[in-house]
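In what follows, a single structure is set out as C-alpha cells and then discussed.
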Amino acid sequence: MVKRLSTELLLLLVLLPGHLKAKPHVDKHCMRVSVKLFYKHVMATRPSVAKTMPRLQNIIRSPREQPIRAFLQAIYEHEALSNTSFLPSLIRVKSEPPTVLGLHHFSRSSLQDYAEFSKLGSVSPRLLLRRVIRSGIYLESHSLQPGEIILFVAFCSCAFYITRWEFVSGGRRKTIVVLRIEICSDQQRWKKDTGLPASARVLLFFSFVQRGKGQRIRPVLRGISLLASTSASSSFGVLSPPILCLISSLSVVRIWRKSYFPFAAFAPPLLLEGEQWLEDKRELCWISAIGREENREKVLDDSETEVLIPGLPYEIAEQCLVHLPFPCQTLARSVSRSWKRAFSNPNFIISKKSLSLSLPYLFVHVFHKSTGHARWQAFDPRSGGWFPLPPMPGARKFCSPGSLATAALQREGRLFVLGGARSDTQSPLQTLSCYHAATNAWSSAPPMRTPRAFFAAANVGGRIVAAGGDPGASAECYDPAQNRWCGVAGMRSGIPRYDAAAVGSRLYITEGWSWPFTFAPRGAVYDAESDRWEEMPAGLCEGWTGAAVVLAGRLFVIREHGDRRLKVYESKTDTWREVAGEGLPREVRRPYTVTAAEGWIYAAGSGADVSVGKVAEDGRGGWRVEWVVVKGPAEFAEFAPSNCEVLYA
Amino acid sequence: MSESTEKKMVRLRSSDGEVFEVEESVAKVAKTLQDMLEEDCADAVIPITCVRAPILTKVIDYCKDQVMISSSSSTTNNPNERTEQERKAWGQKFMEGVDSSTLCELLVASNFLNIEGLLNLGVDKMVSMIQGKYPQEIRDMFNVVNDFTPEEEEEIRNQNAWAFERDPYYKKRSSSK
C-alpha cells in the first residue's frame, strides 16, 4: 500500500513523540517558546480570537501535543471564517526528512492527479523527478560555507517548482533555492488525510546545512507552516505570502537577519533580530513576512513565465537546448533574450553536467608569428573543428606571448588569464580576465595586487594561485567564489618560471635546466593547506625536463628533447618512471603547449596541429599513452600557441 | 488486428474526441498509462486531454514498435533485434518529415505520457533542427519573437562575428549599411 505522505505530514505536524524523545530539552523548550511567541502574536493582532483561545499555560504546560494542535486549529478556523486570505500557523519539528519527499507518491498517482498536472502546465512526474534530482545536484555543487543554509520549501498540495533567489549579504552572494513539491492534488483525499479544508496547504521549510568542509550537505526540517486560502482555486503560482517560519539554529539567523532577509519585499512585520536570538541560543527566532499582492511579481520564477519555444513547456524546451553542443550555442544564444538567459542560467549548466553532456574543449591562446596578434581559439577534439572566442578585453592584445599565465576551473568552464608583459614597454600587467564558457563571454575581475609577467599560475584546489614574476617573489591567491585576491606566503627566492603544475593542494614551480647544465635547477613547492613554501625534492627537480601535465593526481612530464616520451613522477621514491607508448608526435612542432584533463593529454603545436593522447594505467602499476594527431587548418599556419587549457562546456 | 481478441484492449481518447483502441501492452509503454492501468483507474475510455488525434496516432505507432522489439528480443537470434546503429536509423526515419509544430506537440505528448524513448527521440530531432541554423532561421521555424534591440543584436554579432560570417541575413544587414 502506498503510504500517504500527507499522513506523514500530519504526524510531523503533531510532533512525533519520537522527535521529542531525541532531544527532549531542546525540542520541548523550542516548541514552547515558539507557541508562546505565536500566542502572543495572535493575542496582539487578533483581539476577537483572543476570547476563544485556551489559556497559554494550558497549551505550553501540557506534555502532549494535542493542545497545541487544537490551538492551531482554532486559529485556523478563526482565520478561515473571518475571510483573511491566508493564515499562517506553525510549529517546529526537527527531523531528517527524506529528500525525495513526495516522489514515491507521484509515481503511483492516479488519473486525477495527472489531469491536475496537465492543467498545471504539463509537468510530468518524470520531469519533476529530474528537477528534484537536479536541485539535489545543485545543492551538492553549491559550495556552502559551514553553517550556511539554503532554504527549501515544499508546498504540499500544490504544483511544484523551483525558485532561486540570489542576494548579497556581507559582500557575498548567497543563494536560496525554494523547491515546491506537489504532494497531494486530490482535494478529497487531502481533506480526509489531514482533516484540513481542501484549500489549506502545508509548507515545509528545509534548510540545507553543511556542518564542515567536505561534509555532505544535509537537509534539516526547520518548520512547518499551515497555509489556508479561502479561495479554493488559489494555485500558489508564485510564492504565496505570508511565509512564517521558525528558525532554530544560530547559523540560520546569521543569514536571516532583517537586512538581507530575502523576502524583504514582503515587509516583515515581526522579526526578531539576530542579536536578540544570540543571547539565548536555545530560543527560537521567529521570522514572518506578510505579503502583498503587488509584491508577488518580484519573486516570479523565470521558468514560470519564460517561453523558449511557443507551444512547448519551458522544461522540455530547455532540455532540448541542453543537448545542443557548445559550438552551436553561440548562434542559438542570439535567437532571443529568453534563449540567451536560458543558456546562462546556472540550472542549465547543472543539468548539462548531471546528464554528462558537458564535453571537454581545448582552449588555445595563439599568436601570429610575425604580427604578434593574439587571440583565443577553441578546439573540438571530437570534430577536429576550431572556432574563435570573443576578443579578450583590455590591453591583452598588446601582450607579449608567453608572458601571461592561465589557469582554469575545468568543470565549471571558467578560464582565467593573468598578468603578462606589454609588448611595447615590456612592463608587467596586473590584469585578470575571466572567460566563462556558459556565457561565452569575458568578464573583468579584480586585478592582481602585484604586476606579474613570466610567472606561474594554477588552479590549486579551486583557487587560483599566482606566484613569482615580480622582484619580490611574492605570491597571491584569487578566490573565484568570492571574486577577491588575498596575499599568501611569498616564495623564499624568486624563481624564473620554466614550468609549473598543481597537484592536489600543492603547486610545483621549477626554473628548469639551462645551459651549460652544470647546476641542478631550483624548484619550489607551495602547499596551500599550510600556506608554506618548501624546497622541491631533488629527484623531481632534476627530472623535470619538459612540459608537465597533471592527470589522476600524478605529475607527467613530456621530455623536451630526444624522443619526447612521457615519464611519470613517483613521489614516494622521488624518482621517475617511463610511460609506455610513443613520444609526443613529431607533427606537433615547437613552440607547443600542453594540458590535460581526465585521462587525456592535449598538446597544441605551431600551426595549430593538435595531438591528443589517451593516458591509462596498464594494470601493472605503469602507464601507457596513445596519441592521435589532428592537423590544424591552413589559415592557422602562421599562428603559434602560447597557453592552453581544457574547459568542459 | 484480429489476433488481439484474447488480449486486453485499452481505449484512449484524444483531445479532439477520437477514440483509439490499443492493446494493453502497447498502452503500457507509456509510463503514465501503465501507472493508471495498474491502479485500475482506467476502466472506461482514458482521456488524453492534451494530445490531438494525429499526434496520438504517431505516439501509438512508436509504442507498437517498442512492443514489437521487446517481445522479439526475448527470443534469441531474432531478425527484429536491432543494433545501436539500426535503432538510431530507425529513430531518424520515425522522425523524418516531422515539422516543428508537430514535433512540439509530440514532445508535449511524450512528456505527458511519460515515454522516455520518444521524448529523447524528439529532443534529438529538435537539436538536429536547431544545430547549424542561423538565429533568424530558428526564429522562423519555431515562431520565436526576436526581442533584442537592434543595438543588442549588433553587439552579439560583433562579439561572435565568426559565427555569423556565412549568415545571409547578417550579410544583407551589414552590406545595406
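Quick note, the sequences are listed as chains P and D, same order.
In terms of our numbering, the first sequence is residues 1 to 649.
In terms of our numbering, the second sequence is residues 1001 to 1177.
The beta-carbon is built from N, C-alpha and C at its ideal position, and this holds for glycine as well.
All values reported here derive from a predicted model rather than from experimental measurement.
Does any residue of chain D bring its CB to less than 9 Å from the CB of residue i?
i, result
"VAL488/P", "no"
"ARG382/P", "no"
"HIS323/P", "yes"
"ALA634/P", "no"
"VAL366/P", "no"
"ILE464/P", "no"
"CYS328/P", "yes"
"PRO447/P", "no"
"SER336/P", "yes"
"LEU331/P", "yes"
"LEU409/P", "no"
"GLU587/P", "no"
"TRP339/P", "yes"
Residue range of the beta strand (DSSP E) that residue i falls in?
i, result
"LEU555/P", "554-559"
"GLU1154/D", "Counting along the chain, GLU1154/D falls outside any beta strand (DSSP E), though it belongs to the alpha helix (DSSP H) covering 1150-1159."
"ALA408/P", "405-409"
"PHE326/P", "First-last for PHE326/P: 326-333, but that is the alpha helix (DSSP H), not the beta strand (DSSP E)."
"ARG1013/D", "1009-1013"
"ALA342/P", "From DSSP, ALA342/P is part of no beta strand (DSSP E) but of the alpha helix (DSSP H) over 337-344."
"ARG532/P", "532-535"
Kindly list the residues whose CB is nearer than 8 Å to the CB of residue i, restricted to its own chain and excluding five residues on each side of it in sequence; keep chain order.
i, result
"PHE1148/D", "ILE1156"
"ALA332/P", "LEU321, LEU324, TRP339 and PHE343"
"SER1014/D", "PHE1020, ILE1048, VAL1051, ARG1052, ALA1053, ILE1055 and LEU1056"
"LYS352/P", "VAL322 and SER358"
Just the C-alpha distance for residue i and residue j, rounded to the nearest angstrom, thanks.
i, j, result
"LEU418/P", "VAL629/P", "30 Å"
"LEU429/P", "THR510/P", "22 Å"
"ALA580/P", "TYR526/P", "30 Å"
"PRO390/P", "GLY487/P", "31 Å"
"ARG382/P", "ARG411/P", "18 Å"
"ARG559/P", "PHE348/P", "41 Å"
"TRP627/P", "ILE1055/D", "49 Å"
"LYS1008/D", "LEU1118/D", "24 Å"
"PRO447/P", "ARG624/P", "41 Å"
"LYS614/P", "LEU540/P", "23 Å"
"LEU432/P", "ALA445/P", "6 Å"
"ASP563/P", "GLY583/P", "6 Å"
"PRO633/P", "SER1025/D", "54 Å"
"THR330/P", "ASN440/P", "7 Å"
"PHE454/P", "LEU1106/D", "57 Å"
"ILE133/P", "SER606/P", "Because the pLDDT at ILE133/P is just 35, under 50, the model does not fix this residue reliably, and the value given afterwards should be weighed accordingly. Approximately 45 Å, taken between the alpha carbons."
"GLY372/P", "TRP513/P", "27 Å"
"GLY553/P", "ALA1161/D", "39 Å"
"ASP531/P", "GLU570/P", "24 Å"
Under 9 Å between C-beta atoms, does residue i make it to chain P?
i, result
"ILE1130/D", "yes"
"GLU1151/D", "no"
"ILE1055/D", "no"
"LYS1159/D", "What sits at residue 1159/D in the sequence shown is Gln, not Lys. Yes - at least one Cβ of chain P is within 9 Å of the one on GLN1159/D."
"CYS1063/D", "no"
"ARG1139/D", "yes"
"ARG1011/D", "no"
"SER1014/D", "no"
"PHE1148/D", "yes"
"VAL1099/D", "Note on residue identity: the sequence assigns Asp, not Val, to residue 1099/D. Taking Cβ atoms only, chain P never reaches closer than 9 Å to ASP1099/D, which makes this a no."
"LYS1133/D", "yes"
Tell me which residue opens and which closes the alpha helix (DSSP H) that residue i is part of.
i, result
"LEU1121/D", "1116-1130"
"ALA317/P", "314-322"
"GLN377/P", "Not the alpha helix (DSSP H): GLN377/P falls in the beta strand (DSSP E), residues 374-379."
"GLU1021/D", "Note, GLU1021/D: premise wrong, no alpha helix (DSSP H); beta strand (DSSP E) at 1019-1023."
"CYS1104/D", "1100-1113"
"GLU1137/D", "1135-1142"
"GLU1086/D", "1084-1095"
For residue i, collect the residues of the same chain with a Cβ closer than 7 Å to its Cβ; drop the 5 residues on either side in sequence, then sort them by chain order.
i, result
"GLY546/P", "VAL557, ILE558, ARG559 and GLU560"
"SER423/P", "GLY372, PHE398, CYS399 and SER400"
Residues in the same chain with beta-carbon distance under 6 Å from residue i, minus the five sequence neighbours each way, listed in chain order, please.
i, result
"HIS365/P", "TRP376, SER642 and ASN643"
"ALA1109/D", "VAL1051, ILE1055 and VAL1059"
"ALA604/P", "VAL364, THR593, VAL610, PRO641 and CYS644"
"TYR498/P", "THR510, GLU511 and GLY512"
Q: Would you mind listing the beta strand (DSSP E) stretches within the region 540-627 of chain P that are 3+ residues and don't spill past its ends, in chain order?
A: 546-551, 554-559, 566-570, 575-578, 593-597, 600-604 and 610-617
Q) Which ranges does the alpha helix (DSSP H) cover as unbroken runs of at least 4 residues, wholly within the region 462-529 of chain P, from first to last along the chain? A) none
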